[in-house]
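Asks: Provided herewith is a single structure, encoded as structure tokens, for subsequent inquiry.
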Amino acid sequence: AQSSATLFGVVDAAMSRYSVRSQSWDGGPARAVRQSRWEMSPSGNFASRFGIRATEDLGDGLSAGFWLEAPVTNDTGANPLSFGRRSTLSLSGALGELRLGRDHTPSFLNDWAFDPFTSNGVGVNLIAVVSSNLAISRALETRKTGPLSQRLLGGGLSAGTDNYLRSSNSVGYFLPTGLGGVYGQAMFAFPEDPQSQRGRYAGARLGWAGGPADLALGYGESTLGNSGASDEKIRSLNFGASYNFGPAKLLGEWSLVRNARRDGTTLAPIDDRYRGLLVGATVPVGAGLWRAAYSRVRFTSGQGAGDASADKLALGYVHHLSRRTALYATVARIGIVNGRNNTAVMAVTPLVVSNPSILPQPYYQVTDGMQARSATGVDVGLRTVF
Amino acid sequence: AQSSATLFGVVDAAMSRYSVRSQSWDGGPARAVRQSRWEMSPSGNFASRFGIRATEDLGDGLSAGFWLEAPVTNDTGANPLSFGRRSTLSLSGALGELRLGRDHTPSFLNDWAFDPFTSNGVGVNLIAVVSSNLAISRALETRKTGPLSQRLLGGGLSAGTDNYLRSSNSVGYFLPTGLGGVYGQAMFAFPEDPQSQRGRYAGARLGWAGGPADLALGYGESTLGNSGASDEKIRSLNFGASYNFGPAKLLGEWSLVRNARRDGTTLAPIDDRYRGLLVGATVPVGAGLWRAAYSRVRFTSGQGAGDASADKLALGYVHHLSRRTALYATVARIGIVNGRNNTAVMAVTPLVVSNPSILPQPYYQVTDGMQARSATGVDVGLRTVF
Amino acid sequence: AQSSATLFGVVDAAMSRYSVRSQSWDGGPARAVRQSRWEMSPSGNFASRFGIRATEDLGDGLSAGFWLEAPVTNDTGANPLSFGRRSTLSLSGALGELRLGRDHTPSFLNDWAFDPFTSNGVGVNLIAVVSSNLAISRALETRKTGPLSQRLLGGGLSAGTDNYLRSSNSVGYFLPTGLGGVYGQAMFAFPEDPQSQRGRYAGARLGWAGGPADLALGYGESTLGNSGASDEKIRSLNFGASYNFGPAKLLGEWSLVRNARRDGTTLAPIDDRYRGLLVGATVPVGAGLWRAAYSRVRFTSGQGAGDASADKLALGYVHHLSRRTALYATVARIGIVNGRNNTAVMAVTPLVVSNPSILPQPYYQVTDGMQARSATGVDVGLRTVF
């Protein structure tokens, strides 16, 4: 029977091949090893999900709406469903939209909007991968005991990348349309624990879109702890722009992610920096879309412990079988320099953002005295939207 | 595409402030502390949920129906979805309805139906809070080992308040309509373990509604154990009544909850009693509804270990933006006397029923020699039904 | 509002009585004990579930479709929802269907299709019960540490019977229709771990249906480990046939299940065998359907440790109240000989397949020196499809 709400979602499945080449760096005899595997992977083009949403016209230009969206791991069907992708309630009017609940952070949106691969599959923007690694590793590092779910910021099943991709307990405000192309939003997310402020997020995004051009500035600050023993924040600043020339659309993004913390013993301030850059393009050809991107991230250690860098080249094609369904293929290659200097974030940089759950990625494990130097990934898949 | 079933639900989000004042009682120098926090809370007006239900006409006055309903924690989206609010299958006819599965207990329904705040948000009937505390604390006390989910009666994710709010494995019977305003139901819930009878529930409710009047009597018995070492039951008796004068509707409820158990060592019978009272009113004003309630609970220790009592005053307003959507605000104040004599049930009496999950409530933690004396809560929120 | 997808499902609830008689076998004085219980059980006729699915016509005879289906434990509502029954994405055309994700194995389908009780309730085909026991017990035996969910092959909530009932990470191919009644499919499921190949599945099914006749051959191979320490496979071969005489339909199945492994210390090959047989019938009578089956399983120990056997007689009736809703009753009796020789698979053979979760079945626990000799089960229930 008819409901006032709509059921919607995505199912996306790919066959993927991942291959990593590691080399020795320890000064001993040169060694190298290649680890490869095939696997079935969801979400190579769009993230698999299902959701329920509705908007109600309240009159006088006012409307109310809600959006509940759960990730779907359709390779195994195994993960318990929860509305961890988004669960929001909104009141909208001439002054804009007030949105309450769990939602994407404003500081993530440029990493997604100006990435030709929109943060999915092996082509994903490198700063998104690095930022996810950073969010997960610092959350686990700053709370070392307890079940995994409590050590992550959001405390839930899909909370691994919290305060990078999404924040829980958030109050968001969105500018109304009709401001001459200016768009923007701000978000504050309450910490789960008011004492330590762990889990707090504050951020904003401001952009302008007109004709073929689109540009936006984003900033966000995630608090991992605000007490003597764990005073730590991750701050993200990024700027993205795109221009649609017609036969091709060019995209670019610059990012600076800072992990500012105090050492537990000396309380000396440490300021690790990750500088990201992406240039990309999309080219529509008939029923298809070509996508290409070069992205890189340079890590500067705030402790002088040694720097690291990674770069990535990705090429893909999406063939639309209908408005809802497409076949796609993507190939990507990562190169890593001195990843051993920051193993949690730069040494095991996966080809895909481990979204929505923190998956073991054995194909990136590095044996003693070795470090990953390059990785190649391929997705060949099918995607449908409902 | 069209289904024979209907998708339905509620999304409700509020900004809440909780504040607790604790005082010393240990005879030392007088001390007092106030702990406050803001947080985002779902379900301040109606409980957030989503569900699927259908009724099928089988002819000859017979019909079949099912109802699957899951709680939704839309502040974080974190909790795994399960149909823990209700999952029933029914066969209905001229003789009434037979209902199988997980459902509200008959003995809870008066606590809900005669509460102007219908058991949601900071205004909730005090006996509902005390009964929830009692159900959770005795379930955990009578099974001290194993994972949390197995120590609770229903054994599931939303099982904390089982046999108070809801029972699993239940067979319910509902009187048919057309009995001159008489309504009623009975429920028996099978224990998960037939040896110890732990989890067994039996209860009934009988009422009459005619014109502006409505009154109902409820009784229920929950078994926590029936062996030598853990012979324990919780028995609830309540009577509620309401009368709609037109400009205002008055509501009232009287309740007696008994926790009868035998001491593990001496097997001396202990009979703790909780006596609840509520008087309240709702007043419709244009598109709004004012709600007010005074409720109290007196605890009498069956061991002579010292009594305790709590009372609560709540005032709220719901402003209907449409038939489905409303803004609301509620303020409530609890006072507690000698809560230290029954810390699990009376000393940390939360402002809201922790439904559906057992949430940590650090703003009620009491330091040594201190006890909570008063608490104030405010909800300001938005709710939509779909 | 209208979606392109359809919500569908089943809600099925029964009152069940299970009774087990155990006898002593240890040569001491003869002892016997009967353990009985009533409980509420879902899925006595059809498996309770809810799902979302859609098919999209892409033109040129091509179509895309998806199917997400979650088990529902409607007796308690407790289990977290996950699309563990099926989560597939398909592309279909003149050459057949390519299906990706989690799905039934081809080797299970004969156990289901030629069972008058279609693998649900107390009447279930005995080889299905034995195969489920075997899949669960060998998965747990070959990975002894870690949380339960990681010790099972699929690693998910409903993974207990993985690679018997279903496989995750699978690529399936289905023959197109219009091959003169010939039907068939093949499936390969990627292991979660490419080193040990644990979780790998490969299988196929080929059949022919014409007029009143239907027959099919199935084969499947599940890998539990492929390293020195845990080289183990379960291989299933089965053949089923049915013939519809009009007033009655006869069904039969023959099966051979082999558990081939190497002993951890001596690496001597062990080849346990389970031989299954079923003969059954369904007889439509007005709005009802009578169902009857005799099934048996003979176990031959590959270590000469002693054999065992079980047989089962089941009789049931389904009364259709409408096309979607039915009342049903089933009674079944199992006899077991020398079950102590293979306690994990043959000694505690439950009356129902523990689907979708691994449930404790205390009514099968056997005290020292005793073994279960016979069991009787009754389901009386209601089922509706939506």
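Keeping their order, the protein sequence lines are chains A, B and C. So the first sequence is numbered by our numbering: it starts at 8 and just counts up by one. So the second sequence is numbered by our numbering: it starts at 8 and just counts up by one. So the third sequence is numbered by our numbering: it starts at 8 and just counts up by one. No residue lacks a Cβ here, since even glycine has one placed at the ideal position from N, Cα and C.
Starting from L159 (chain B), follow the alpha helix (DSSP H) in both directions and report where the run begins and ends.
Replies: First-last for L159 (chain B): undefined, no H or E at that position.
Asks: In whole angstroms, give me the CA-to-CA distance for R298 (chain A) and L320 (chain A).
Replies: Looking at the two C-alpha atoms, the distance is approximately 11 Å.
Asks: For the region 32-47 of chain A, enumerate the residues whose C-beta is nearer than 7 Å to any C-beta of chain C, in chain order.
Replies: R44, W45, E46 and M47
Asks: How about E76 (chain C) and G58 (chain C): do their beta carbons lie closer than 8 Å?
Replies: yes
Asks: Buried or exposed: K407 (chain B), going by 16 or more other Cβ atoms within 10 Å of its Cβ?
Replies: No information on residue 407 (chain B) is available, as it lies outside the stretch 8 to 393 that chain B covers here.
Asks: Between D82 (chain B) and chain A, is any beta-carbon pair separated by less than 8 Å?
Replies: yes
Asks: Within its chain, find whatever has a CB closer than 8 Å to the CB of A101 (chain A); leave out the 5 residues flanking it on each side and keep chain order.
Replies: G68 and P183
Asks: Are T230 (chain B) and R265 (chain B) closer than 8 Å when you measure CB to CB?
Replies: no
Asks: What is the C-beta distance between M353 (chain C) and V40 (chain C), in whole angstroms, given that I count them as a contact (C-beta under 8 Å)?
Replies: Not confirmed; about 19 Å, so no contact.
Asks: Tell whether a beta-carbon distance below 8 Å holds between L105 (chain A) and A71 (chain A).
Replies: no
Asks: Exposed or buried, L155 (chain C), counting other C-beta atoms within 10 Å across all chains shown (16 or more means buried)?
Replies: exposed
Asks: Between R331 (chain B) and the rest of its own chain, which residues show a CB-CB distance below 6 Å, the 5 nearest in sequence each way excluded?
Replies: Contacts found: T391 and V392.
Asks: Between which two residues does the alpha helix (DSSP H) containing S114 (chain B) stretch?
Replies: P113 to A120
Asks: Could you check whether the region 155-173 of chain A touches the region 286-306 of chain A, counting it as contact only if at least three pairs of C-beta atoms, one from each stretch, sit closer than 8 Å?
Replies: no
Asks: Starting from L147 (chain B), follow the beta strand (DSSP E) in both directions and report where the run begins and ends.
Replies: No beta strand (DSSP E) contains L147 (chain B), which is instead part of the alpha helix (DSSP H) from L133 to T149.
Asks: Using three-state DSSP, classify T230 (chain B) as helix, strand or coil.
Replies: strand
Asks: Sort out for me which residues DSSP pairs G323 (chain C) with in a bridge.
Replies: C:R298 and C:T337
Asks: Name the chain A residues that come within less than 9 Å of A104 (chain C), Cβ to Cβ?
Replies: Inspection of the sequence shows that residue 104 (chain C) is occupied by Glu rather than by Ala. The contacting residues do not exist; E104 (chain C) stays about 12 Å from chain A at best.
Asks: Cα separation between M194 (chain B) and G108 (chain B)?
Replies: 11 Å
Asks: Who are E76 (chain C)'s beta bridge partners in DSSP?
Replies: In the DSSP assignment, the residues bridged to E76 (chain C) are C:G58 and C:R93.
Asks: Provide the residue(s) that pair with G388 (chain B) in DSSP beta bridges, ordered along the chain.
Replies: B:A21 and B:Y335
Asks: Starting from E239 (chain B), trace the beta strand (DSSP E) in both directions and tell me its first and last residue.
Replies: E239 (chain B) -> beta strand (DSSP E) spans E239 to N251.
Asks: So, are the CB atoms of G283 (chain B) and S249 (chain B) less than 8 Å apart?
Replies: no
Asks: For the beta strand (DSSP E) containing W32 (chain C), name the first residue and the last one.
Replies: From DSSP, W32 (chain C) is part of no beta strand (DSSP E); its letter is neither H nor E.
Asks: Please list, in chain order, the chain C residues whose beta carbon lies closer than 8 Å to that of N176 (chain B).
Replies: E46, M47, D82 and T83
Asks: So, are the CB atoms of L14 (chain B) and S89 (chain A) less than 8 Å apart?
Replies: no
Asks: Which residues share a DSSP beta bridge with F15 (chain B)?
Replies: B:G58
Asks: Opposite N266 (chain C) in the DSSP bridges: which residues?
Replies: C:I241 and C:D279
Asks: Sorted by chain position, which residues of the same chain lie with C-beta nearer than 7 Å to G35 (chain A)'s C-beta, five sequence neighbours on each side aside?
Replies: G376
Asks: Could you check the C-alpha separation between A379 (chain C) and W74 (chain B) for me, to the nearest Å?
Replies: 38 Å
Asks: For L96 (chain B), go through chain C and note every residue whose CB falls closer than 7 Å to its CB, in chain order.
Replies: V18, A20, N81, L389 and T391
Asks: For T337 (chain B), which residues from the same chain have a beta carbon less than 6 Å from its beta carbon, with the 5 sequence-adjacent residues on both sides left out?
Replies: G128, V129, G130, G323 and D386
Asks: So, at 6 Å on beta carbons, what are the nonlocal neighbours of Q368 (chain A) in its own chain, with the 5 sequence-adjacent residues on each side left out?
Replies: Because Q368 (chain A) sits at a pLDDT of 46, beneath the cut-off of 50, its placement in the model cannot be relied upon, and the point is left open.
Asks: Go ahead and pull the three-state DSSP assignment for R207 (chain C).
Replies: The three-state secondary structure of R207 (chain C), taken from DSSP, is coil.
Asks: Since V178 (chain B) is in the beta strand (DSSP E), which residue starts that stretch and which ends it?
Replies: From DSSP, the beta strand (DSSP E) with V178 (chain B) extends over R173 to F181.
Asks: Just reading off the beta strand (DSSP E) that P254 (chain C) is part of, what are its end residues?
Replies: Note, P254 (chain C): premise wrong, no beta strand (DSSP E); not H, not E.
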